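Asks: Heads up: the sequence shown runs through residues 34 to 154, numbered per my numbering.
Even for Gly, the Cβ is constructed at its ideal location relative to N, Cα and C.
This one's a predicted model, so the numbers in the text were calculated from it and none came from an experiment.
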Amino acid sequence: MGSPVMKKKIMYFIVENKETGDIWTEKRDYNDMKSRYNDTGWTYEDVMGHNGRILFETISKIALDAKLKEIKKVPLGFKVEENIKLNLEKIAKEKKISLIEVTRMALSEYINKNEGLINHW
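#1: For S93, which of helix, strand or coil comes out of DSSP?
#2: If we count the other Cβ atoms within 10 Å of its Cβ and call it buried at 16 or more, is T136 buried or exposed?
#3: For a quick check, are the C-beta atoms of S131 and A125 less than 8 Å apart?
#4: Using C-beta distances below 7 Å, list every residue in its chain close to K100, excluding the 5 sequence neighbours before and after it, in chain order.
#5: According to the Cβ coordinates, are Y45 and L97 closer than 8 Å?
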């Protein structure tokens, strides 16, 4: 008998560029991951590339598709400065509300403070 054939177990990733906010997907065969038994396999650094961070990881294509639909609903594309985004994320975590809700609140406050400019038009 020959050696058993291992079924491919695909890992799906959603990755974000830390500088630009661009988002893309990657997929890798889980069985090809670098380990002490496979020193030539892929690593998380390979998935992220330079300046990337993993936003989401799953072995379920259905979960990946659902997360991508959720991400596409995010307004403004979130191409904001990294420190602004990180601070909004910290506020959301502390208040136990979504990042979208914190962003909406911040924008509403900014609009209210500048109402005179809006009414000027």
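Replies: Straight from the coordinates:
#1: coil
#2: buried
#3: yes
#4: I47 and F89
#5: yes
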